[in-house]
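A quick write-up on the structure given underneath.
2 protein chains.
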Amino acid sequence: MNILITNDDGIRAKGIYELANAIKNIANVYVVAPDSEKSAIGHAITMHTPLRVEEIDFCEGVKAYSVSGTPADCVKLGIEVILRGINIDLVLSGINNGPNLGTDVIYSGTVSGAIEGLIQNKPAMAISYVGKNILSEEYRKCGKYILEIVNKYKKRLDLLKDCVININIPNIKDNNIEGIKITKLGVRKYENAFEERIDPFGNKYYWMGGKIREFLQDEDSDIAAVEQGYISITPLYTDLTYYDKIGNLNIF
Amino acid sequence: MNILITNDDGIRAKGIYELANAIKNIANVYVVAPDSEKSAIGHAITMHTPLRVEEIDFCEGVKAYSVSGTPADCVKLGIEVILRGINIDLVLSGINNGPNLGTDVIYSGTVSGAIEGLIQNKPAMAISYVGKNILSEEYRKCGKYILEIVNKYKKRLDLLKDCVININIPNIKDNNIEGIKITKLGVRKYENAFEERIDPFGNKYYWMGGKIREFLQDEDSDIAAVEQGYISITPLYTDLTYYDKIGNLNIF
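If you want it as structure tokens, here you go:
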């Protein structure tokens, strides 16, 4: 099995290292990832500047390429150019530093890496860890769970032929994993998203921050699942057409 | 009626100017748009650098703010900060220089500006023009069509409460508009997406380009509609959950 791994925290992040290190036990692993952090980059691609590629040392048995672009660039360039001739069976994006739950997926570079995999006709999974100040050993544990999940799905890759799966692993610092739930996206909104500040020259600027607003989440949502200690797996569409609306909108 | 207009070609692009100029006939128009081009930026948001805002001269009767961010930043910052206290009734994103059809919508900054509008609970439309080397008078004609469309939907904004509409206007240089069709997304793929080049110092780099691969498009797709001279309106989901898959994926 040949697996392409990318992320949005950059090729030097701990999460991608532990993921590659776990997955290399069952597959040939190729890492193609951004040379720097690209969080919240959404599905951006780089059309107006050139892309540079550099083969780098990563870990034993893993070929790795650093790209001066976004996660979507890495997957596109990885499959079409860098790894041409190698038949990639699966694309993994992660392990992200922090959750990608609910509405977050729209902004997520991690998820967009997986979506680009599907656009390239490859089964794909986005993987995030719901932690803060995360230690390598936590990512290492996450890597083991992902290895189990990949082992399950590798015999059923047909299930992933028209959807991306978005995996969130709950905080495991103090808790055990209760199991796995297949979920829908919950609702995530932020309040006071912008802080107004003054720079050293007296000019105003804004910085996006904001706290998550608490919502009562449906029991079958990804947010509820990780709160209860379950690994959440959410199937995501890439055909954005809202078919049920097509009839309604014709008011001309 | 209060309408916020953004785009991804930047605040100085012809398309946004003609859109604002048309729409100001029926609404108070507020332009909040990127200070430079942000095509193919997807739904990126700016979290790791500050955002600057500058009020600029635009056209008579229109307040306009240039923002050092993405289309999604502009809509978020526009509604939450710059235009706080003004009840925005509708968000328009465009008129984009070139189409946003089929799979393109995943990469599109124009579409992401509209999606951010819906995330902010505002009805929203993305607008693109299928032209090349576009003249101002073409955008001006597009502006008139959009004015008609907004006039139709403004009495039925309830139809847009959970979907974004993605509008593509066919090339009108040589043809008349045949009418309006409500469509689904077609399929768009590119071949030979990357050109390999050598820089002046002898180093390799890649530039994303690529030709559109021709597919037989379904008759009810956006791509077929604009080819036949129709304005295409496609309703888009923002809840990416692929509900039908939730049962299938549980193989644990």
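As given, the protein sequences belong to chains Z and B, one line each in that order.
According to UniProt numbering, the first sequence is numbered sequentially starting from 1.
According to UniProt numbering, the second sequence is numbered sequentially starting from 1.
Note that beta-carbon positions come from the ideal geometry of N, C-alpha and C, so glycine has one too.
Treat the numbers as computed from the prediction; the structure is a model and nothing was measured.
Residues of chain Z with CB under 9 Å from B/Arg12, in chain order? Those do not exist, as B/Arg12 stays about 16 Å from chain Z at its closest Cβ, beyond 9 Å.
How far does the alpha helix (DSSP H) with Z/Ser36 in it reach, from first residue to last? Taken as a continuous stretch (DSSP letters only), Z/Ser36 belongs to no alpha helix (DSSP H), as it is neither H nor E.
Start-to-end residues for the beta strand (DSSP E) that takes in Z/Ile167: That run of the beta strand (DSSP E) goes 164-169.
Which residue or residues does DSSP assign as beta-bridge partners of B/Ile212? Looking at the DSSP assignment, B/Ile212 forms a beta bridge with B/Tyr190.
With three or more C-beta pairs closer than 8 Å as the rule, is the stretch 60-77 of chain B touching the stretch 129-146 of chain B? Taking a cut-off of 8 Å on C-beta distances, the stretch 129-146 of chain B does not touch the stretch 60-77 of chain B, as fewer than three cross pairs fall below it.
Interface residues of chain Z facing B/Met47 [CB-CB closer than 7 Å]: Below the 7 Å Cβ cutoff, chain Z contributes Ser39, Ala40, Met208 as neighbours of B/Met47, in chain order.
Note down, in chain order, all residues in the stretch 229-240 of chain B with a beta-carbon under 8 Å from any beta-carbon belonging to chain Z. Taking 8 Å as the cut-off between beta carbons, the residues of the stretch 229-240 of chain B near chain Z are Ile233, Thr234, Pro235, Leu236, Tyr237, Thr238, Asp239, Leu240, in sequence order.
Using a Cβ-Cβ cut-off of 8 Å (strictly less than) and excluding sequence neighbours within five positions of B/Ile23, which residues of its own chain qualify? Within the same chain, B/Ile23 has close Cβ partners Ile3, Ile5, Val29, Leu92, Gly143, Ile146, Leu147, Val150.
Within 8 Å of any Cβ in chain Z, is that where the Cβ of residue 254 of chain B sits? With chain B represented from 1 up to 252, any question about residue 254 of chain B goes unanswered, as that position is not in the structure.
Determine the chain B residues that contact Z/Leu159 at a beta-carbon separation under 9 Å, and present them in chain order. Correct list: Lys245, Asn248, Leu249, Ile251.
Step through the CB atoms of chain B and report whether any lies within less than 8 Å of the CB of Z/Cys163. Chain B, which has a Cβ nearer than 8 Å to the Cβ of Z/Cys163, makes this yes.
Can you find a C-beta in chain B that's less than 8 Å from the C-beta of Z/Glu80? With 8 Å as the cut-off, Z/Glu80 counts as an interface residue toward chain B.
Got a sec: which bits of the stretch 58-86 of chain Z sit with their beta carbon under 7 Å from any beta carbon on chain B, in order along the chain? Within the stretch 58-86 of chain Z, the qualifying residues are Lys76, Leu77, Glu80, Val81.
Residues, ordered as in the chain, of the stretch 93-121 of chain Z that lie near chain B by beta-carbon distance below 7 Å: Taking 7 Å as the Cβ-Cβ cut-off against chain B, the residues of the stretch 93-121 of chain Z that qualify are Thr103, Val105, Ile106, Tyr107, Ser112, Ile115, Ile119.
When the cut-off is 8 Å and only beta carbons count, does B/Arg156 lie next to chain Z? Yes, B/Arg156 counts as interfacial toward chain Z.
Can you tell which of B/Ile180, B/Arg197, B/Phe194 has the C-alpha that lies nearest to the C-alpha of B/Asp220? Nearest option by C-alpha distance: B/Ile180.
List, in order along the chain, the chain B residues whose C-beta lies closer than 9 Å to that of Z/Ala193? By Cβ distance, chain B contributes Lys76, Leu77, Glu80, Val81.
Where B/Thr6 sits in the DSSP three-state scheme: B/Thr6 falls in the strand class under three-state DSSP.
Starting from Z/Pro50, find everything on chain B with Cβ-Cβ shorter than 8 Å and list it in chain order. Residues of chain B whose Cβ lies closer than 8 Å to the Cβ of Z/Pro50 are, in chain order, Arg197, Asp199, Tyr205, Tyr206, Trp207.
Could you tell me which residues DSSP pairs with Z/Ala126 in its beta bridges? For Z/Ala126, which the question treats as bridged, DSSP gives the partners Z/Ser93, Z/Asn166.
If we ignore side chains and look at the alpha-carbon of each, how far apart do B/Asn250 and Z/Ile182 end up? Taking the Cα positions, B/Asn250 is about 6 Å away from Z/Ile182.
If you follow the alpha helix (DSSP H) that B/Ile16 is part of, which residue opens it and which one closes it? Start and end: 14-23.
Starting from B/Asp73 and walking both ways along the beta strand (DSSP E), at which residues does that stretch end? Per DSSP, B/Asp73 belongs to no beta strand (DSSP E); it is in the alpha helix (DSSP H), 71-77.
Does chain B have any CB closer than 8 Å to the CB of Z/Lys173? So no, Z/Lys173 is outside the interface.
Anything in the stretch 178-190 of chain Z with a Cβ closer than 7 Å to a Cβ of chain B? List those residues in chain order, please. Of all residues in the stretch 178-190 of chain Z, only Ile180, Ile182, Lys184, Leu185 place a beta-carbon less than 7 Å from a beta-carbon of chain B.
Evaluate the contact criterion for the stretch 222-234 of chain Z versus the stretch 88-108 of chain B: three or more CB pairs, one atom per stretch, below 8 Å. Note that the stretch 222-234 of chain Z does not touch the stretch 88-108 of chain B; fewer than 3 beta-carbon pairs, one per stretch, sit closer than 8 Å.
With Z/Val81 and B/Tyr205 assumed to form a contact (beta carbons below 8 Å), what rounded beta-carbon distance in angstroms separates them? Taking C-beta atoms under 8 Å as the contact rule, Z/Val81 and B/Tyr205 fail to qualify, at a distance of about 11 Å.
Of the listed residues B/Asn96, B/Pro235, B/Gln217, B/Gly202, nearest to B/Cys14 (C-alpha basis): First, the amino acid is wrong: residue 14 of chain B is Lys here, not Cys. Of the candidates B/Asn96, B/Pro235, B/Gln217, B/Gly202, the one whose C-alpha sits nearest the C-alpha of B/Lys14 is B/Asn96.
From what residue to what residue does the beta strand (DSSP E) around Z/Val53 run? Counting along the chain, the beta strand (DSSP E) containing Z/Val53 begins and ends at 53-59.
Tell me whether the beta-carbon of B/Asp57 lies closer than 8 Å to the beta-carbon of B/Pro34. Pairing B/Asp57 with B/Pro34 gives a Cβ-Cβ distance that is not under 8 Å.
Quick one: residues in its chain with C-beta nearer than 6 Å to the C-beta of Z/Glu54, no 5 flanking neighbours on either side, listed in chain order? Ser66.
Tell me which residue opens and which closes the alpha helix (DSSP H) that B/Lys152 is part of. From DSSP, the alpha helix (DSSP H) with B/Lys152 extends over 136-153.
Might you give, ordered along the chain, the residues of its own chain that have their beta carbon closer than 8 Å to the beta carbon of B/Phe194, omitting 5 neighbours on each side? Excluding sequence neighbours, B/Phe194 sits near Tyr206, Trp207, Met208, Gly209, Gly210.
Using the C-alpha atoms, what's the distance from Z/Gly202 back to B/Pro170? Between B/Pro170 and Z/Gly202, the C-alpha separation is close to 48 Å.
What residues match up with B/Glu196 in a beta bridge as DSSP calls it? Per DSSP, B/Tyr206.
Looking at the C-beta of Z/Tyr242, does it have a partner C-beta in chain B at a distance below 8 Å? Yes, Z/Tyr242 lies at the interface with chain B (some Cβ there is under 8 Å from its Cβ).
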